[in-house]
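Participant: One line per chain: the protein sequences are P and W, in this order. Positions in the first sequence are counted from 1; adding 242 to them yields this note's numbering. Positions in the second sequence are counted from 1; adding 12 to them yields this note's numbering. By construction, the Cβ of each residue, glycine as well, lies at the ideal position given by its N, Cα and C atoms.
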Amino acid sequence: MLTRQISIATPIFLMIFVIQEAVVSQFRLPGGGFSILLIFALTWAVLSQPEVAAVIGFASGIFMDLSQSASGPFGQWTLIMLLAGYAISYIGYGDDNIHANAIGIVFFVVVANFFVEIAYLLSGALLGVSTGSIGQIITTLFGMSIWALLVSPIMLPIFTRLHAMIFDSRSSI
Amino acid sequence: MRNGGEGRARLLLVILIVTSLFLITLDLRGVKVIEGFKQGTQTVLSPFQRAGAAVLNPVKDFFSDVTHLGRTRSQIEKLEAENAALKIKLLNRKNADGQLKQLEAILDLAGTAGYKVVNAKVISHGSSQSFSQTLTIDSGSNAGIKKNMTVLSQFGLAGVVKDVYPNSALIQLASDPAFKVGARIAGSQQIGILSGRGNRSASLQLLDNSTTIKVGDVLLARGSVANRPFVPGVPLGYVSQVDNSAGAVAQTATVRYYTNFSTLGVVAIVVSGPTSDPGDALIPEKPRVAPVPTVTVTVTPSPTASK
């Protein structure tokens, strides 16, 4: 069952990855912009069971590592997204305060987006990845969170419908 | 049953974590398979990026106009006076004209220094999710581009070629936090290391503790052995602030790059360096202040004035 669902979900993630690289990356948005793939993966993690979220995190992390803008070693995003997916789902799955309304999911995704970027920074520091000045890091962190806050509500209906279609869940909003 | 399900989930998680750590180790050890995997992905992605760039250029121009609304108010007011047909024509031509202008300036710069260059269009700006500053161009190894070649903008250094694929290449911008270039100050010939900060400013660390720098000093690239990754004499930027912290081993300064990285549409890759160091020949001219005509009014008493 899980294998079937993941095999259906992977082409969707591939499509989102191509959209991110071919469309979203065309714009140099102020404050660092946003990653549609990251928002998509986090939204799915909120809606899925922990083990599904971990596999989805792993797959999206692979795509993020394949991105030309990934500055760290291959596997860094994979590890972070896998752990983030599992952790988000572990905290959020079955909690009606989060699942019952769109605002709860958006808030959860934005906060997760912020902490995932911090996790990337910290692991990057351990692996010797240069990340810039403190001021620039803070600007990018808050900029990306604001963008996630703006983009998530627009994308949420599409993402949840796709999730419901594949996982046959009642999470469509 | 429940315990079995939880155990399976844990096992899956452990397998995935071990796989991720394995991938990180392979990459840090420089295994070619990972590199090939990334190259293959970029080869597949570059046609999509080209298509995206072609389709989205008018939209990008629109957003650029909105961003600079305050600064270009007078220009917008002028445009408003023109008719609708002219506006549409202008919108379509604007991108091509801008790129042509950039290209002209780049060729001027390269010609003065005697660099042999290959021109390329920017097809994608890297995402900032990884705190890096990169862009992708539409020329690669088929056009003679190799790794570690200098990339020029119309104003000076734009970055360095980080990865090359058959029909595209990844450029590490000079603003990238991991970017470092040997610099010398024009005139005084003091040397230092310029490091990117993630934006248009960079930090300069002088190597000699007995030398001093001042605001306005112009920085040029020192050049590397065999002109790779950096050809000598490329304008980098100017000193915008000098840090006079007590106890510092050598003086440091904040430098503002000449290149505006957010507006790069066309770049040039130096495929062959100059035969001799161009020295300070590429220093950009200082902006000239246009003289304001002075109006002198002489008041002459009227002969018809009443007594």
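Where do the ends of the alpha helix (DSSP H) carrying P247 of chain W lie?
Facilitator: Working through the second sequence from its first residue, we reach residue 247 of chain W at position 235. Note, P247 of chain W: premise wrong, no alpha helix (DSSP H); beta strand (DSSP E) at 247-255.
Participant: Let me know the secondary structure DSSP gives S302 of chain P once reduced to three states.
Facilitator: In the first sequence, residue 302 of chain P corresponds to position 60, counting from 1. Here S302 of chain P sits in helix by DSSP.
Participant: Pairs of beta-carbons, one from the segment 243-254 of chain P and one from the segment 262-269 of chain P, closer than 8 Å: are there three or more?
Facilitator: No, they do not touch.
Participant: State the DSSP-derived secondary structure class of G273 of chain P, mapped to helix, strand or coil.
Facilitator: Taking the first residue of the first sequence as position 1, residue 273 of chain P is located at position 31. Three-state result, G273 of chain P: helix.
Participant: Count the other CB atoms, across all protein chains shown, that sit within 10 Å of the CB of A283 of chain P; report buried if there are 16 or more and exposed otherwise.
Facilitator: Translated into the one-based positions of the first sequence, residue 283 of chain P becomes position 41. Classification for A283 of chain P: buried.
Participant: Under the three-state reduction of DSSP, which class applies to P305 of chain W: helix, strand or coil?
Facilitator: Stepping through the second sequence from its first residue, residue 305 of chain W is reached at position 293. In this structure, P305 of chain W counts as coil in the three-state DSSP scheme.
Participant: Using CA atoms only, rank isn't needed, just tell me which of P:S302, P:I281, P:F276, P:T245 is closest to T402 of chain P.
Facilitator: Mapped onto the first sequence, residue 402 of chain P falls at position 160. Among P:S302, P:I281, P:F276, P:T245, the Cα nearest to that of T402 of chain P is on P:I281.
Participant: Only counting the same chain, and skipping five residues up and downstream in sequence, which positions put a Cβ closer than 8 Å to that of L164 of chain W?
Facilitator: Indexing the second sequence from 1 puts residue 164 of chain W at position 152. Correct list, in chain order: I118, L121, A122, Y127, V129, A170, V246, V279, A280, I281, V282.
Participant: From what residue to what residue does the beta strand (DSSP E) around Q184 of chain W run?
Facilitator: Here residue 184 of chain W corresponds to residue number 172 of the second sequence, with the count starting at 1. Here the beta strand (DSSP E) through Q184 of chain W covers 181-185.
Participant: Could you say if the segment 323-334 of chain P and the segment 287-306 of chain P meet the contact criterion of at least three C-beta pairs nearer than 8 Å?
Facilitator: With a cut-off of 8 Å, the segment 287-306 of chain P and the segment 323-334 of chain P count as touching, because enough Cβ pairs lie within range.
Participant: Is any beta-carbon of chain P found at less than 9 Å from that of M13 of chain W?
Facilitator: As a working mapping, residue 13 of chain W is identified with position 1 in the second sequence. Note that M13 of chain W scores 43 on pLDDT, short of 50, meaning its location in the model is unreliable and no value can be drawn from it.
Participant: CB D292 of chain W to CB G235 of chain W, shorter than 9 Å?
Facilitator: The residue labelled residue 292 of chain W in the question sits at position 280 within the second sequence. The residue labelled residue 235 of chain W in the question sits at position 223 within the second sequence. Cβ atoms of D292 of chain W and G235 of chain W: not closer than 9 Å.
Participant: At the 9 Å Cβ level, is T382 of chain P part of the contact set with chain W, yes or no?
Facilitator: What you label residue 382 of chain P is simply residue 140 of the first sequence in a count that begins at 1. Interface residue, yes.
Participant: Are G208 of chain W and L185 of chain W touching if we call contact CB-CB under 9 Å?
Facilitator: Mapped onto the second sequence, residue 208 of chain W falls at position 196. Mapped onto the second sequence, residue 185 of chain W falls at position 173. Against a cut-off of 9 Å, the Cβ pair of L185 of chain W and G208 of chain W comes out as a contact.
Participant: Going along the chain, which residues of the segment 273-290 of chain P sit with their C-beta nearer than 9 Å to a C-beta in chain W?
Facilitator: The residues in question are G273, G274, G275, F276, S277, L279, L280.
Participant: Count the CB pairs spanning the segment 139-158 of chain W and the segment 213-227 of chain W that are closer than 8 Å, and state whether there are at least three.
Facilitator: Segments in contact, no.
Participant: Compare the C-beta of D109 of chain W against all C-beta atoms of chain P and say whether one is closer than 9 Å.
Facilitator: As a first step, residue 109 of chain W must be located in the second sequence, where it is residue number 97. Closer than 9 Å: no.
Participant: Under the DSSP definition of a beta bridge, which residues are partnered with S207 of chain W?
Facilitator: Taking the second sequence and counting its residues from 1, one reaches residue 207 of chain W at position 195. DSSP, once it has assigned bridges, lists W:K192, W:S215 as partnering S207 of chain W.
Participant: When you compare the CB of S313 of chain P with every CB in chain W, is at least one pair closer than 9 Å?
Facilitator: The sequence position of residue 313 of chain P within the first sequence is 71, counting from 1. Taking Cβ atoms only, chain W reaches closer than 9 Å to S313 of chain P, which makes this a yes.
Participant: Can you give the Cα-Cα distance for F305 of chain P and L33 of chain W, rounded to whole angstroms?
Facilitator: Locating residue 305 of chain P in the first sequence gives position 63, counting from the first residue. Locating residue 33 of chain W in the second sequence gives position 21, counting from the first residue. Cα to Cα, F305 of chain P sits roughly 16 Å from L33 of chain W.
Participant: For the alpha helix (DSSP H) that contains I396 of chain P, what are its first and last residues?
Facilitator: Indexing the first sequence from 1 puts residue 396 of chain P at position 154. Element bounds for I396 of chain P: 376-409.
Participant: Alpha carbon to alpha carbon, how far is M13 of chain W from L324 of chain P?
Facilitator: The sequence position of residue 13 of chain W within the second sequence is 1, counting from 1. The sequence position of residue 324 of chain P within the first sequence is 82, counting from 1. Bear in mind that a pLDDT of 43 at M13 of chain W, under 50, signals an unreliable position, so the model cannot answer this.
Participant: Which residues of chain P have a Cβ atom closer than 8 Å to the Cβ of A132 of chain W, listed in chain order?
Facilitator: As a first step, residue 132 of chain W is located in the second sequence; it is residue number 120 there, counting from the start. Those within 8 Å of A132 of chain W in chain P number zero; the least Cβ separation is about 15 Å.
Participant: Between the Cα of N160 of chain W and the Cα atoms of W:I295, W:G152, W:F60, which residue gives the shortest distance?
Facilitator: The residue you call residue 160 of chain W lines up with position 148 of the second sequence. Closest option to N160 of chain W, Cα to Cα, is W:G152.
Participant: Starting from H137 of chain W, follow its DSSP beta bridges and name the residues at the other end.
Facilitator: Working through the second sequence from its first residue, we reach residue 137 of chain W at position 125. Bridge partners of H137 of chain W: W:L147.
Participant: State whether the segment 57-69 of chain W contacts the segment 346-354 of chain P, with contact taken as three or more CB pairs (one from each stretch) at a distance under 8 Å.
Facilitator: Counting Cβ pairs under 8 Å, fewer than three are found: no touch.
Participant: Skipping 5 residues on each side, what residues in its chain have a beta carbon closer than 6 Å to that of L383 of chain P?
Facilitator: In the first sequence, counting from the first residue as 1, residue 383 of chain P sits at position 141. Closer than 6 Å at the Cβ level, and outside the excluded window around L383 of chain P, lie E359.
Participant: G171 of chain W by DSSP, collapsed to three states: which one?
Facilitator: For the purposes of this step, residue 171 of chain W is identified with residue 159 of the second sequence, where counting begins at 1. In the structure shown, G171 of chain W sits in a strand (DSSP, three-state: E or B).
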